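From first to last, the protein sequence lines are chains A and B.
Heads up, the first sequence is in our numbering, so the first residue is 1 and it goes up one at a time.
Heads up, the second sequence is in our numbering, so the first residue is 208 and it goes up one at a time.
Data block below; observations after.
2 protein chains.
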Amino acid sequence: MKIGAIPDIVVSRLPQYLQALNLMKLEGKQTTSSQELGERLGFSAAQVRKDLSQFGEFGKQGTGYSISYLSKQLQSILNIDRIWDIVLVGAGDLGHAIANYQGFTNRGFRIALILDNDPQKIGDKIGQLEIQDFALARELIRKAGIEIAMLTVPASVAQTVAEEVVQAGIKAILNYAPTPLKLPPNILVQYLDPLIQLQHMTYYLAK
Amino acid sequence: MKIGAIPDIVVSRLPQYLQALNLMKLEGKQTTSSQELGERLGFSAAQVRKDLSQFGEFGKQGTGYSISYLSKQLQSILNIDRIWDIVLVGAGDLGHAIANYQGFTNRGFRIALILDNDPQKIGDKIGQLEIQDFALARELIRKAGIEIAMLTVPASVAQTVAEEVVQAGIKAILNYAPTPLKLPPNILVQYLDPLIQLQHMTYYLAK
DNA sequence: TAGATTGTTAATCGATTAACAATC
DNA sequence: TAGATTGTTAATCGATTAACAATC
């Protein structure tokens, strides 16, 4: 039996395992090994086995892991054996791109609410969804029982917007604005900043 | 004197230091301390000092770090004391959002070329730039001397597109498609996948 | 059975932190 | 000067890897 919390770095690899498994499923494969799974993602076989063993015994000696079974288990561990509703704040170009993206649903998520404060945009539709007034954020988010927000707003207002959605009951934020958010410690925040990743790579590019 | 390579995990924090410093600059601050810099980013003061000391002695005992000086040094270390041209492949919603984003220039980058293979899109303009035919990728990328690519293409073609731009001389790829790319080991690749980050957070959200 | 591969333990490796002399 | 804060060393902490008995 395992005691204590799972290291976050292990948790961060679970979605990657899941994604690789889903790809293998598409390829028609039935089973895989820690070796193969690791190779696809650049991890060692030992690390794959160690990570998975934190949550249970999912494999069989000699044959490896059933792809569909392990995939189901990981979905359950990550709490995506359900659909999570998301509120998207900011209906600019990036917001539109995200709202139109078809890849959320079969990976556990759905954009359920789109907010903006631009009167020009409020009332417009993106796909099936109407852009609604950010002034109504608290009411609408609470009513829909949404716990996850994606922010595609200008950096200058990201902090204010974040505080507002937290007031509305949001527990997790995926922030596309290049702004470190100061929020209560129980709020989960992740950042997506292409510049940070580009700058990471240029370190290694010859001068 | 330092010997040996800098750990990648240290390099990955440098863009974050730089971003925090730029924010402080905007706030009109002149100097900062390892303590303050760490607090903003969630790192310990000791870690900030340790990281920076890998590259030189940038601070002064008693007073800390000059924000503008440290910022310049980090820019130089990250090789962004210049502008890097980028080729953007995929002129869909996400490609448009990125091409219209104004934040690249003052952080060391410029979208210099946009490619797509859709005859409907080729010839259209995004801002000043005309979308050009991906069939001409090798020629155009080589002629422009571009080393960095951003891929906003469908997952199904990401691998093929990546191989093609590598043939054209691309050394670093920022991949928005949820596809692990198999490329020669000297090619730098970074991934931006919102689903991976959402799934990471749902692990911690109560069931 | 023989071969393959798991889950786990112990050893190794690497990253973070604490502490402090140096010094602005 | 006294207070503050650096850069660095040594200690601690945590993550990865190697190895192997168990077993499908």
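C-beta atoms are modelled at their ideal positions from N, C-alpha and C, and glycine is treated no differently.
Here the structure is a predicted model, which means the values were calculated and not measured.
Measure the CB-CB distance between residue i and residue j and report whether it falls below 9 Å.
i, j, result
"Ala91(A)", "Ile114(A)", "yes"
"Ile173(A)", "Ile187(A)", "yes"
"Ile80(A)", "Arg107(A)", "yes"
"Gly59(A)", "Leu70(A)", "yes"
"Val218(B)", "His200(A)", "yes"
"Ala137(A)", "Val87(A)", "yes"
"Asn100(A)", "Gly127(A)", "yes"
"Arg13(A)", "Phe43(A)", "yes"
"Ala375(B)", "Leu390(B)", "no"
"Gln237(B)", "Ser275(B)", "yes"
"Glu39(A)", "Gly64(A)", "no"
"Asn117(A)", "Ala135(A)", "yes"
"Phe316(B)", "Leu198(A)", "yes"
Return helix, strand or coil for residue i, following the three-state DSSP convention.
i, result
"Ser66(A)", "strand"
"Leu113(A)", "strand"
"Ala362(B)", "helix"
"Lys350(B)", "helix"
"Lys182(A)", "coil"
"Lys72(A)", "helix"
"Leu295(B)", "strand"
"Lys2(A)", "Residue confidence for Lys2(A) is low, a pLDDT of 42 falling below 50, so the modelled location carries little weight; the figure read from the coordinates is stated next. Coil."
"Asn307(B)", "helix"
"Gln197(A)", "helix"
"Leu221(B)", "helix"
"Asn106(A)", "helix"
"Ala413(B)", "coil"
"Gly95(A)", "helix"
"Leu78(A)", "coil"
"Ile290(B)", "coil"
"Gln226(B)", "helix"
"Gln261(B)", "coil"
"Gly42(A)", "coil"
"Asp8(A)", "helix"
Of the choices the options, whose alpha-carbon is the least far from that of residue i?
i, options, result
"Val89(A)", "Ala45(A), Phe104(A), Ala177(A)", "Ala177(A)"
"Asp8(A)", "Gly42(A), Asp51(A), Phe43(A)", "Asp51(A)"
"Leu181(A)", "Tyr203(A), Ala206(A), Tyr204(A), Ala155(A)", "Ala155(A)"
"Thr202(A)", "Leu248(B), Glu246(B), Trp291(B)", "Trp291(B)"
"Arg142(A)", "Ile170(A), Gln132(A), Gln30(A), Val161(A)", "Ile170(A)"
"Phe104(A)", "Ile338(B), Pro401(B), Leu347(B)", "Pro401(B)"
"Ala413(B)", "Tyr17(A), Leu78(A), Ser34(A)", "Leu78(A)"
"Leu248(B)", "Thr32(A), Ser34(A), Val189(A)", "Val189(A)"
"Ser34(A)", "Glu27(A), Lys125(A), Glu57(A)", "Glu57(A)"
"Ile6(A)", "Leu26(A), Gly28(A), Ser53(A)", "Ser53(A)"
"Gln16(A)", "Tyr411(B), Thr386(B), Pro392(B)", "Thr386(B)"
Where DSSP assigns a beta bridge to residue i, which residues make up the other side?
i, result
"Lys332(B)", "Glu337(B)"
"Ala379(B)", "Ile355(B), Leu395(B)"
"Lys25(A)", "According to DSSP, Lys25(A) bridges with nothing at all."
"Gly266(B)", "Tyr272(B)"
"Thr31(A)", "Ser66(A)"
Does the distance between the C-beta of residue i and the nearest non-hydrogen atom of the ligand PLP fall short of 8 Å?
i, result
"Asn22(A)", "With respect to small molecules bound, the structure shown includes none, and the ligand PLP cannot be examined in it."
Practice task
Spell out a yes or no on whether the segment 348-364 of chain B and the segment 300-308 of chain B are touching, meaning 3 or more CB-CB pairs, one atom from each, closer than 8 Å.
Solution key: yes
Handout entry: Any 3 or more C-beta pairs closer than 8 Å across the segment 277-292 of chain B and the segment 221-237 of chain B
Key = yes
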